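Scroll down for the structure; my scribbles are underneath it.
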Amino acid sequence: MLKGQQSWVFTNRPMITSTGVTGGPFEANGNLAEDFDRLYEDLWLEQDSYEKAQRVLLEDAIDIALKKANLNKEQIDFLFAGDLINQITPSSFAARTAQIPYFGLFGACSTSMEGLALASFVINNQGAKKVLTGASSHNAATEKQFRYPTEYGGQKPPTAQWTVTGAGVALVQENQPGQKNPVITSATIGKVVDMGLSDPFNMGGAMAPAAADTITAHFRDLEIDPSHYDLIITGDLGRIGHDTLAELLKKSGLNIQKGQLADCGLLIYKEDQPVQAGASGAGCSATVLYGHLLNQLKQGKYKRILLAATGALLSPLSFQQKESIPCIAHAVAIEMNN
Amino acid sequence: MAGKKNTTPEQQQYQQLQQKHEKKRPVLKNCIKAFFIGGLICTIGQAISYFYIYFFNFTEQSVGNPTVATMVFLSMLLTGFGVYDRLGQFAGAGSAVPVTGFGNAVISAAIEHRTEGFVLGVGGNMFKLAGSVLLFGVFAAFVVALIKTLLGIWGGI
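Which chain is which? The protein sequence lines are A and E, in order.
Each residue of the first sequence is one higher than the one before, starting from 65 at the first, in our numbering.
Each residue of the second sequence is one higher than the one before, starting from 38 at the first, in our numbering.
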């Protein structure tokens, strides 16, 4: 049901019944290693290219989610997935393996929540019974496309972020009363916001206004107060974007308590890992939400959370042509079924 | 970057706000690190030059070629073993400016695109980063040589 300008309220409360989360060696040394279902010791994942390795990350995450739910691929109606690589080949190739009817999405690092919002909408409105949604990224494959070769000795500035190697997949289905699982209650779809920043080594600074726009729109549309949520968490703003967002939200008059605002990109790695301003990538919000945050919800640490995943919609070509970086954010609200 | 492009007042206001939170590059610290690591790499190069002069039949004029080849070879090993990019993050220009940095730019691109095959991958992308150094380096050398030649003809220097 549409509420306000750009939000959906899911009155049938679609449920996340299973998840699959995979990660690479850098994530295995990180802060949230225990929340991953499978961690790989090698960036190559026994494949002969990084792009193939990323496909395997997603394929394995899908398999794990299905296995946990005791379901076959044939029982899944749709797959919503996307990533950062040209023409989203890792997701499409994983969909070829899965043989599940497929929607390929591109929203850069906001793809995870774009997929979850769409999957929830389809389930809420009886468009399907069981839907898989997910996003993936691979550090070396993304660096190769957007920046320099992995072994090139260029110095990254302190505003740069580290692309997560990982994939997160969720199985969304109709609400089953009595089951203790997280449910999706609402979603806000973001507008593209461009504040004229053009430094590809400062994504957080470019994406913060998009996050602020979507989060304020969410509270306006749903006519609720930030105190409704225990945690308002962004996808991959990193240190600079996170601090900027906190100031933007304060200026917009939203009353957000200290500690109520967090960022997936600041949670996933340890302080001493050389990631500069934090983590980024389509796999960042997907792995942190479907792994760590849902576990915390199930353990009762949080009752309700709002995740706003941010994406920078640039291409290597657009920034070489000196275009600024347009950004987007999609927010999804999740709580425990009671 | 604000001011150079056509930005709206709203964008300018945001960029100012964002600037407050943006971490600046530690320029002085980076310069000091670059000075010492760059100096160290050049000292190693000098030691290799002396090695070739004392143990082989090279002169100060002819020792450049084997020294550069040795330095690039060492850079190749360090790039292949994944050490040079870490050195680069620490030393910045210190490891990028010497010839080892040039070697690293060529070799890292060659390794990166190995998965696309030898012809289109390695061959087509090897000079992706270093190509502009070669182009403008050769062109600058041509311009300087042209000026020198013309001065020689007209000025009798």
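Heads up, the beta-carbon is just placed ideally off N, CA and C, and yes, glycines get one too.
Since this is a predicted model, take the numbers as computed values, not measurements.
According to the Cβ coordinates, are residue i and residue j closer than 8 Å?
| i | j | result |
| --- | --- | --- |
| ALA397 of chain A | LEU370 of chain A | yes |
| GLY342 of chain A | GLY329 of chain A | yes |
| LEU96 of chain A | ILE332 of chain A | yes |
| GLN159 of chain A | SER82 of chain A | According to the sequence displayed, residue 159 of chain A carries Ala and not Gln. No, Cβ-Cβ distance for ALA159 of chain A and SER82 of chain A is not below 8 Å. |
| ASP147 of chain A | THR152 of chain E | no |
| SER382 of chain A | MET267 of chain A | no |
| LYS70 of chain E | THR223 of chain A | no |
| GLU178 of chain A | GLY171 of chain A | yes |
| HIS94 of chain A | TYR104 of chain A | The question names His, yet the displayed sequence has Gly at residue 94 of chain A. Not closer than 8 Å, so no. |
| ALA205 of chain A | ILE149 of chain A | yes |
| CYS173 of chain A | GLY375 of chain A | yes |
| VAL136 of chain E | VAL105 of chain E | yes |
| MET65 of chain A | ASN401 of chain A | no |
| THR308 of chain A | GLY269 of chain A | yes |
Let me make sure I understand the geometry here. Which of the options has the alpha-carbon closest to that of residue i?
| i | options | result |
| --- | --- | --- |
| LEU107 of chain A | A:ALA350, A:ASP99, A:SER71, A:LYS116 | A:LYS116 |
| GLN52 of chain E | A:PHE170, A:GLN163, A:ILE304, A:THR153 | A:ILE304 |
| LEU111 of chain E | E:VAL100, E:PHE95, E:SER132, E:SER99 | E:SER132 |
| ALA130 of chain E | E:LEU157, E:LYS57, E:GLY76, E:LEU183 | E:GLY76 |
| ALA251 of chain A | A:ILE389, A:GLY269, A:PRO264, A:PHE283 | A:PHE283 |
| CYS348 of chain A | A:LYS220, A:GLY302, A:GLU98 | A:GLY302 |
| TYR216 of chain A | E:PRO46, E:GLY189, E:ALA177, E:THR116 | E:THR116 |
| HIS306 of chain A | A:GLY317, A:LYS367, A:ASP327, A:GLN321 | A:ASP327 |
| VAL186 of chain A | A:GLU238, A:VAL352, A:GLU387 | A:GLU238 |
Under three-state DSSP, which class holds residue i?
| i | result |
| --- | --- |
| ILE253 of chain A | coil |
| TYR166 of chain A | strand |
| THR75 of chain A | coil |
| HIS202 of chain A | coil |
| LYS244 of chain A | coil |
| GLU149 of chain E | helix |
| THR280 of chain A | helix |
| MET400 of chain A | strand |
| GLY230 of chain A | strand |
| THR308 of chain A | helix |
| SER174 of chain A | coil |
| MET38 of chain E | Any reading at MET38 of chain E is ruled out, since the residue's pLDDT is 43, under 50, leaving its predicted position unreliable. |
| LEU102 of chain A | The sequence shown places Arg at residue 102 of chain A, rather than the Leu named in the question. Three-state result, ARG102 of chain A: strand. |
| VAL134 of chain E | coil |
| TYR114 of chain A | helix |
| ALA133 of chain A | helix |
| ARG211 of chain A | coil |
Assuming residue i and residue j form a contact by the criterion Cβ under 8 Å, report the distance between their Cβ atoms to the nearest whole angstrom.
| i | j | result |
| --- | --- | --- |
| LEU312 of chain A | ILE248 of chain A | No, LEU312 of chain A and ILE248 of chain A are not in contact; Cβ-Cβ is about 26 Å, not under 8 Å. |
| ALA395 of chain A | ILE288 of chain A | About 12 Å; that fails the 8 Å criterion. |
| THR175 of chain A | VAL236 of chain A | Not a contact, Cβ separation roughly 15 Å. |
| ASN319 of chain A | PRO290 of chain A | 6 Å |
| VAL195 of chain A | PHE157 of chain A | The Cβ separation is near 20 Å, so there is no contact. |
| ALA346 of chain A | SER184 of chain A | Actually they are not in contact, since the Cβ atoms of ALA346 of chain A and SER184 of chain A sit about 18 Å apart, beyond 8 Å. |
| ALA192 of chain A | PHE142 of chain A | 5 Å |
| LYS208 of chain A | TYR114 of chain A | 7 Å |
Does any heavy atom of the ligand FMN sit closer than 7 Å to the C-beta of residue i?
| i | result |
| --- | --- |
| ASN76 of chain A | Absent from the structure shown: the ligand FMN. Ligands present: none. |
TODO: Give, in chain order, every residue of the stretch 196 to 221 of chain A whose Cβ lies closer than 8 Å to some Cβ of chain E.
DONE: Those residues of the stretch 196 to 221 of chain A that come within reach of chain E (Cβ to Cβ, closer than 8 Å) are LYS208, TYR212, PRO213, THR214, GLU215, TYR216, GLY217, GLY218, GLN219, LYS220, PRO221.
Task: Where the stretch 139 to 154 of chain E meets chain A: residues whose CB sits under 7 Å from a CB there - done: When CB distances to chain A are screened at a threshold of 7 Å, the residues of the stretch 139 to 154 of chain E falling below it are ASN141, ALA142, SER145, ALA146, ILE148, GLU149, THR152, in chain order.
TODO: Identify each residue in the stretch 286 to 311 of chain A for which the Cβ-Cβ distance to at least one residue of chain E is less than 7 Å, and report them in chain order.
DONE: Result list: ILE304, ASP307, THR308, GLU311.
Open item on the list: Please list, in chain order, the residues of the stretch 257 to 271 of chain A that have any C-beta partner in chain E closer than 9 Å.
Closed with: Residues of the stretch 257 to 271 of chain A that bring their beta carbon within less than 9 Å of a beta carbon in chain E comprise ASP258, MET259, GLY260, LEU261, SER262, ASP263, ASN266, GLY268, GLY269, ALA270, in sequence order.
Task: Against chain E: residues of the stretch 87 to 117 of chain A by CB proximity under 7 Å - done: Under the 7 Å Cβ criterion, the stretch 87 to 117 of chain A contributes ASP112, SER113.
Open item on the list: Short of 7 Å Cβ to Cβ, which residues in the stretch 111 to 140 of chain E face chain A?
Closed with: Flagged, chain order: THR116, GLY119, TYR121, ASP122, LEU124, GLY125, GLN126, GLY129, SER132, ALA133, GLY138.
TODO: Return the residues of the stretch 49 to 70 of chain E that lie within a Cβ-Cβ distance of less than 7 Å from chain A, sorted by chain order.
DONE: Result list: TYR51, GLN52, LEU54, GLN55, HIS58, GLU59, LYS60, ARG62.
Task: Contact set between the stretch 156 to 186 of chain E and chain A, restricted to residues whose Cβ is under 7 Å from the partner - done: Hits within the stretch, in order: LEU166.
Task: the stretch 379 to 391 of chain A: positions lying closer than 7 Å to chain E by Cβ - done: Answer in chain order: no residues at all.
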